[in-house]
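Remarks on the structure that follows.
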Amino acid sequence: MGAVALTPACQAAQKAASGSGRGGAKALWTYIFRSVLMKKNSLTTAVVAGVAGAAGLVNVATAVNLNPDGLGQVLIYPYYTVNGGNATLISVVNTVDEVKAVKVRFLEAKNSREVLDFNLYLSPFDVWTAAVTDNGGGTTAARLFTSDTSCTVPTIPAGGVDFRNFAYAGNTPATNDDAENDLGRTREGHIEMIEMGVVDEDWDDPIEMISAVTGFEAAATHGGDPDGVGVGAPAVPANCQLLVNSWANNLGANDWASNPDLDVRGPTGGLFGGAIIVNVANGTAFSYNADAIDGFYLLGDGSLHTNPGNLQPSLLSAATAAGEADSIIFDNGALITLDFASGRPDAVSSIFMHDNIYNEYSTVDGFSDTEWVVTFPTKRLHIESTDALAPFSTVSPSHDDNDSGDGFLFDVSGFCEPINVTYFDREEQETGVAPGTVDFSPPPPSQDIVGLSLCWEANVITWNQNAEVTAGNSAILGSRFARNIDLLDIDNAVFTEGWIAMAIGDQFNYLLDLGVSGAGDDTGVEARNQLFGLPLTGFSVSNFTNANASPGVLANYSTISKHRASRDSQSVTVTGGVPTPTGNPAS
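Using this note's numbering, you'd call the opening residue of the sequence shown number 89 and step up by one each time.
Structure representation (structure tokens):
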């Protein structure tokens with residue numbers, strides 16, 4: 089029988105197996121595992137593609153999406169605070185067997201200017217925890233503490249690191265945004281964590297024929313052994329200082345300062361996180377999960393790895409193909425694919441777009457308080473030029489009144505977008521008719537609260553807390569920038585318990601995807617998707633106090649609930665920039 093010709097794959101496997109001892113066997117198993125995994129993924133993709141062709145579905149993994157299961161490449165933490173005796177505990181978990189490079193960015197509440205930024209390197213299956221706390225006095229900068237051993241660059245000192253105001257208290261329009269420039273602005277805001285890539289010394293050499301030379305992967309790994317054979321090794325990273333030196337350009341040609349992509353491949357996801365807003369004195373804790381964006385960066389020719397302090401990657405970095413950043417949303421049970429260009433905030437904004445949010449409230453005097461957090465995670469990226477990018481208003485009402493002439497849209501009063509609030513008590517009573525009364529016809533109209541607006545990026549809305557907010561801080565989250573709304577019926581009696589519908593934006597707040605050109609491409613008509621509302625996330629917190637508890641018994645009870653929301657999307661034709669509805673893609 090003649091010799092059997094080996095395929096290139098078999099030749100590579102044979103070559104890997106020819107190595108002696110553990111190294112050769114490991115190389116063989118690595119090759120087989122990766123080959124099988126790749127074939128399995130290819131098969132799965134083929135099956136999904138077949139089903140998609142038959143049922144009109146799309147592959148969620150190939151587009152930016154908000155993962156309801158909580159895992160992703162990007163994590164958005166809607167709110168942190170150290171005001172009012174609160175501290176915010178944060179965590180991020182790496183669920184996969186890879187060393188992750190993650191950009192951690194804290195953004196203040198008013199204009200989302202960066203107040204702290206660093207790189208975090210997570211070992212396989214690692215978790216990193218930290219606390220944002222008051223640095224004393226109630227008006228000074230927030231401070232980040234951690235006792236976690238995962239590598240950060242720069243290294244976080246044992247005594248913590250204070251947040252900074254350099255991005256909004258500078259001497260140029262780009263670094264001074266007209267709002268107050270004190271360090272108190274750092275005390276509340278929101279957090280981004282963006283996976284920059286996987287530190288993998290063998291990613292471009294799947295059968296490990298080239299020896300690792302940098303040691304970055306091992307340095308970030310707990311126990312120093314990325315292959316997991318270091319039984320009994322210390323449960324700390326092997327050499328965090330090596331990563332610091334690499335960014336400090338102390339390693340010559342083989343360092344990240346010279347080549348950020350060195351031994352770093354593209355992000356793969358698998359991160360989840362959360363936060364707990366704790367008030368020790370009050371005995372309260374509000375715990376929430378971070379929003380997880382998956383399919384954020386899918387280009388296979390590099391990573392998003394940048395030096396600490398670099399403003400990139402940001403939510404502008406989404407890319408699903410060269411020049412493209414497509415996204416997927418659900419609307420009324422329909423899966424809608426949206427086409428956007430990369431280098432813009434549109435893809436990420438689209439997955440957070442809502443036209444209404446809903447939640448409950450309880451504001452019984454002496455017993456309960458409720459506050460809402462409404463954060464616009466991409467707002468700053470839409471208003472950083474002389475003209476706002478959709479879906480934000482072309483000209484904010486606040487901009488006309490308080491323009492300082494610096495050429496930037498954000499001013500003393502922020503950049504305001506309209507909202508409309510409709511509220512009910514627990515017995516379906518609206519505000520047009522006082523509870524328990526019978527009125528003549530025609531009845532008065534329901535008292536929707538119009539003329540309201542949200543002006544910051546991370547907004548706190550209080551209900552029936554006029555005294556507290558006027559005094560300077562909201563009752564629960566301690567916000568210095570809270571917007572109070574009193575819930576009254578037509579006789580000015582206070583509605584104390586019930587639910588609220590908040591309409592976000594108006595008819596001018598909408599986002600259009602790129603769509604496809606009309607027939608012949610010479611008609612000037614395009615078929616596109618239109619989303620109404622604004623990109624937002626957030627939650628409601630309530631605190632209940634039992635004043636009749638026994639002496640010495642802590643009697644505070646806290647709850648948190650994510651906002652429920654609706655979407656409003658439709659198919660339109662666009663002629664000369666003017667959209668004309670053709671139907672709802674979710675119908």
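Beta carbons: idealized from backbone N, C-alpha and C, even for Gly.
Residue i and residue j: beta carbons closer than 8 Å?
i, j, result
"Phe-464", "Leu-600", "no"
"Val-662", "Arg-616", "yes"
"Ser-450", "Glu-268", "no"
"Ile-549", "Ala-363", "no"
"Ala-380", "Leu-159", "yes"
"Glu-448", "Trp-587", "yes"
"Val-180", "Val-190", "yes"
"Asn-597", "Ser-501", "no"
"Asp-349", "Ser-391", "yes"
"Asn-370", "Asn-644", "yes"
"Asn-153", "Ile-445", "no"
"Glu-305", "Glu-289", "yes"
"Met-441", "Arg-655", "yes"
Comparing C-alpha positions only, which one of the options sits nearest to residue i?
i, options, result
"Ala-429", "Thr-663, Lys-188, Ser-438, Gly-421", "Ser-438"
"Leu-359", "Glu-448, Val-162, Gly-664, Ile-417", "Val-162"
"Leu-330", "Asp-351, Thr-356, Gly-311, Thr-302", "Thr-302"
"Asn-377", "Asn-597, Val-660, Phe-627, Ala-643", "Phe-627"
"Thr-425", "Thr-169, Ser-659, Val-187", "Ser-659"
"Asp-594", "Leu-619, Leu-575, Pro-242, Arg-571", "Leu-619"
"Leu-271", "Asn-171, Val-366, Ala-413", "Asn-171"
"Val-203", "Phe-498, Phe-251, Phe-440, Val-352", "Phe-251"
"Ser-235", "Phe-384, Leu-399, Val-220, Val-368", "Val-220"
"Glu-412", "Asp-427, Asp-419, Asp-288", "Asp-427"
"Ser-375", "Pro-639, Arg-655, Val-629", "Val-629"
"Asn-508", "Leu-423, Ala-589, Gly-285", "Ala-589"
"Thr-176", "Ser-541, Leu-624, Phe-512, Asn-367", "Asn-367"
"Leu-387", "Ala-230, Gly-285, Ala-326", "Gly-285"
"Arg-514", "Tyr-168, Val-452, Ile-592", "Val-452"
"Phe-496", "Leu-576, Asn-338, Leu-469", "Leu-469"
"Leu-423", "Ile-164, Cys-239, Ala-341, Ser-657", "Ser-657"
"Ala-218", "His-310, Ser-238, Asn-199", "Ser-238"
"Pro-396", "Arg-193, Tyr-511, Asn-572", "Arg-193"
"Gly-226", "Asn-155, Gly-173, Lys-650, Ala-257", "Gly-173"
"Tyr-165", "Ile-365, Phe-503, Asn-338, Thr-309", "Ile-365"
"Ala-653", "Phe-384, Ala-591, Ala-555, Val-241", "Ala-591"
"Asp-499", "Glu-545, Ala-478, Val-462", "Glu-545"
State the start and end residues of the unbroken alpha helix (DSSP H) segment that holds residue i.
i, result
"Trp-335", "328-335"
"Phe-304", "304-308"
"Leu-469", "467-470"
"Ile-439", "434-439"
"Glu-412", "Here Glu-412 belongs to no alpha helix (DSSP H), and DSSP marks it neither H nor E."
"Thr-625", "Segment 625-633 is the beta strand (DSSP E) holding Thr-625; no alpha helix (DSSP H) there."
"Thr-558", "554-559"
Looking at residue i and the ligand COA, is the gap between the Cβ and the nearest heavy atom below 7 Å?
i, result
"Leu-163", "What this structure holds is no ligand at all, so the ligand COA is not there to describe."
For the beta strand (DSSP E) holding residue i, just list the boundary residues, first then last.
i, result
"Val-462", "456-463"
"Glu-545", "That residue, Glu-545, is in no beta strand (DSSP E); it is neither H nor E in DSSP."
"Val-162", "162-169"
"Glu-280", "276-287"
"Val-509", "505-513"
"Ala-653", "652-654"
"Asp-379", "379-382"
"Val-366", "359-367"
Please decide whether residue i counts as near chain C, where near means a Cβ-Cβ distance under 8 Å.
i, result
"Gly-172", "Among the chains of the structure shown, chain C does not appear; only one protein chain is present."
Are three or more beta carbon pairs between the segment 263-280 and the segment 207-217 nearer than 8 Å? no
Do the segment 355-372 and the segment 403-414 touch if we need at least three Cβ pairs shorter than 8 Å? no
Quick one: which unbroken beta strand (DSSP E) runs of 3-plus residues sit fully inside the segment 172-248? Chain order, please. 175-182, 187-196, 202-210, 215-222, 230-233, 239-241
Return the chain-ordered ranges of every beta strand (DSSP E) run that is complete within the segment 567-595 and spans a minimum of 3 residues. 571-573, 585-592
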